[in-house]
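Note that the protein sequences, when read in sequence, are chains A and B. Start counting the first sequence at -19; every next residue gets the next number (the working numbering). Start counting the second sequence at 119; every next residue gets the next number (the working numbering).
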Amino acid sequence: AQKVTQAQTEISVVEKEDVTLDCVYETRDTTYYLFWYKQPPSGELVFLIRRNSFDEQNEISGRYSWNFQKSTSSFNFTITASQVVDSAVYFCALSEGKAGNNRKLIWGLGTSLAVNP
Amino acid sequence: DTEVTQTPKHLVMGMTNKKSLKCEQHMGHRAMYWYKQKAKKPPELMFVYSYEKLSINESVPSRFSPECPNSSLLNLHLHALQPEDSALYLCASSQNIDRGYQETQYFGPGTRLLVL
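In structure tokens form, the structure reads like this:
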């Protein structure tokens, strides 16, 4: 069965600190997709990144970086030099790569990040 | 700016009211979704429309009635709701859902619903 675990329920850091949000997934498929979304207090879910299981390259986008390791079934997210605007709930999600209408996102429970000035 | 819009942003309704939530996207996407999200929980899928046809209904109670008038619009009609239906209702869209890979879902800002 598919599963996504975000073990950190809440994280609190001081501005400019680096912070890593963990995501561990379980799937039996060889083809799958992983996502990160950000949900600020306003409520909108903001797409951050999609990664497929065949692309193990790490990615950097500004202060954000992602470390995908199939060997440990992890897709961790690091924010460098955190800012108050990074305060949000961050969700990791998994989807299998089967064609058809039954494909759904399996969500982790989210990590609430508070960046304090 | 989000390319998925939702109205209203907030809604308060009594248990006997009928109301509708509206969602619109102009990205040319052919799949649209309704999610329900309770506080401190991840979103829960309710319905999926693909090419304006209902593709997935996650055993949602009939007091929630979705409608997809065209490829850009998605409505959720509400009738005789219960207080436990109070939640954030999120709409999302993706290019489609019938390809051999998972398309990215793009979400709207949501409607915060309170049922009294």
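For glycine and all other residues, C-beta sits at the position ideal for the given N, C-alpha and C.
Worksheet item: Can you list the beta strand (DSSP E) stretches of 3 or more residues lying completely in the segment 31 to 94 of chain A, in chain order?
Response: 39 to 41, 44 to 49, 54 to 59, 68 to 76
Discussion item. On the criterion of 16 or more Cβ atoms from any shown chain inside 10 Å, does residue 234(B) qualify as buried, or is it exposed?
Written reply: Stepping through the second sequence from its first residue, residue 234(B) is reached at position 116. Residue 234(B) comes out exposed.
Worksheet item: To the nearest angstrom, how far is it from the Cα of residue 209(B) to the Cα of residue 195(B)?
Response: Looking up residue 209(B) in the second sequence gives position 91. Looking up residue 195(B) in the second sequence gives position 77. Looking at the two C-alpha atoms, the distance is approximately 13 Å.
Worksheet entry | Cβ-based neighbour list, residue 39(A), same chain, cut-off 7 Å, excluding 5 preceding and 5 following | Taking the first sequence and counting its residues from 1, the one referred to as residue 39(A) is at position 59. Result list for residue 39(A): 29, 45, 46, in chain order.
Worksheet item: Taking the C-alpha atoms as reference points, what is the distance between residue 10(A) and residue 181(B)?
Response: Position 30 of the first sequence, counted from the start, is the residue given in the question as residue 10(A). Position 63 of the second sequence, counted from the start, is the residue given in the question as residue 181(B). Just so you know, the alpha carbons of residue 10(A) and residue 181(B) end up roughly 39 Å apart.
Worksheet entry | Residues of its chain near residue 189(B), where Cβ-Cβ distance is below 7 Å and the 5 sequence neighbours each way are ignored | Here residue 189(B) refers to the residue found at position 71 when the second sequence is read from its first residue. Once the five neighbours on either side are set aside, the close Cβ partners of residue 189(B) are 148, 170.
Practice prompt. Measure from the alpha carbon of residue -2(A) to the alpha carbon of each residue in 34(A), 63(A), 54(A), 7(A), then state which is nearest.
Written response: Residue mapping note: residue -2(A) aligns to position 18 of the first sequence, counting from 1. Ranked by Cα distance from residue -2(A), the options 34(A), 63(A), 54(A), 7(A) are led by 63(A).
Discussion item. Short of 7 Å Cβ to Cβ, which residues in the segment 138 to 163 of chain B face chain A?
Written reply: 160, 161, 163
Fill in: Nearest candidate by alpha-carbon position, reference residue 36(A), set 42(A), 14(A), 76(A)
As a first step, residue 36(A) must be located in the first sequence, where it is residue number 56. The candidate whose alpha carbon is nearest that of residue 36(A) is 14(A).
Discussion item. Between which residues of its own chain and residue 131(B) is the CB-CB distance below 8 Å, once the five residues before and five after are set aside?
Written reply: In the second sequence, the residue the question calls residue 131(B) occupies position 13. Result list for residue 131(B): 137, 196, 199, 231, 232, 233, 234, in chain order.
Worksheet item: Going along chain B in order, which residues have a C-beta closer than 7 Å to the C-beta of residue 50(A)?
Response: As a working note, residue 50(A) is residue 70 in the first sequence. What residue 50(A) touches in chain B: nothing, since even the nearest Cβ is about 17 Å away.
Worksheet item: Hey, does residue 16(A) have any beta-carbon neighbour from chain B nearer than 9 Å?
Response: Here residue 16(A) refers to the residue found at position 36 of the first sequence. Not an interface residue.
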